[in-house]
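Scroll down for the structure; my scribbles are underneath it.
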Amino acid sequence: MMTSMKSLIMKLSFSFALIISLAFVSCAQNNSKQDTSAPKSQTANTEKIKIPIDGMVCSACQSSVRKTIKSLNGVKEVEVSLENRNAIIVFYPNLIKTEEIQQAVNKGGFTAGKPQQVKQ
-8 MMTSMKSLIM
2 KLSFSFALII
12 SLAFVSCAQN
22 NSKQDTSAPK
32 SQTANTEKIK
42 IPIDGMVCSA
52 CQSSVRKTIK
62 SLNGVKEVEV
72 SLENRNAIIV
82 FYPNLIKTEE
92 IQQAVNKGGF
102 TAGKPQQVKQ
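When we follow my numbering, the leftmost residue of the sequence shown carries the number -8, and every step to the right adds one.
Have a look at this one:
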């Protein structure tokens, strides 16, 4: 009886140690964040625009517009103003065109006006 109890304790100890080891290994593997920013050679080639946006009536609308624009490949920064009814966007023109940004806003149920260049 004592031998089977020792055997059980050893098996449980080994299993516990194995589980802890695997947990540490899996946590260590996914420790770094992926760099989703544009390559360094593209950072100097950004443009900044302001787009008037009609249809925003609340902070949820503002958040929806911001998320829609930010999700587009080639968009670096987005500031959406509910008060001013516009979005200021910094983007990489070699990756996305202003028309594509406007289309995304329009597909979200809002109306994007004519973009204006903004000094950076």
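Backbone N, C-alpha and C define an ideal beta-carbon position, used for all residues, glycine too.
So if DSSP puts residue i in a beta bridge, which residue, or which two residues, is it bridged to?
i, result
"Thr102", "Asp45"
"Val81", "Lys39, Glu68"
For residue i, tell me which candidate among the options has the shortest Cα-Cα distance.
i, options, result
"Ala103", "Arg76, Glu68, Pro84, Val81", "Arg76"
"Lys110", "Lys67, Ser50, Val81, Ser62", "Val81"
"Gln120", "Asn36, Lys(-3), Thr59, Ala51", "In the structure as shown, the chain begins at -8 and stops at 111. Residue 120 is therefore absent and cannot be evaluated."
"Cys49", "Val71, Ser(-5), Lys(-3)", "Val71"
Looking only at its own chain, which residues have a Cβ that is under 7 Å from the Cβ of residue i, when we skip the five neighbours before and after it?
i, result
"Met47", "Gln53, Val56, Leu73, Arg76, Phe101"
"Gln107", "Ile40, Lys41"
"Thr27", "Because Thr27 carries a pLDDT of 45, less than 50, the predicted location of this residue cannot be relied on, and the following value inherits that uncertainty. Contacts found: none."
Excluding five sequence neighbours on each side, which residues of the same chain lie with their C-beta closer than 6 Å to the C-beta of residue i?
i, result
"Glu124", "The requested residue 124 does not occur in the structure, where the chain is confined to residues -8 to 111."
Report all residues from its chain with a CB closer than 8 Å to the CB of residue i; omit the five preceding and five following residues, and keep chain order.
i, result
"Val96", "Ile42, Ile44, Val56, Thr59, Ile60, Ala78, Thr102, Ala103"
"Ser(-5)", "none"
"Ser(-2)", "none"
Using three-state DSSP, classify residue i as helix, strand or coil.
i, result
"Val109", "coil"
"Glu90", "helix"
"Arg76", "coil"
"Ser62", "coil"
What is the C-beta distance between residue i and residue j, in whole angstroms, given that I count them as a contact (C-beta under 8 Å)?
i, j, result
"Gln65", "Leu86", "Contrary to the premise, residue 65 reads as Gly rather than Gln in this sequence. Sure, about 3 Å apart at Cβ, within 8 Å."
"Leu63", "Glu91", "7 Å"
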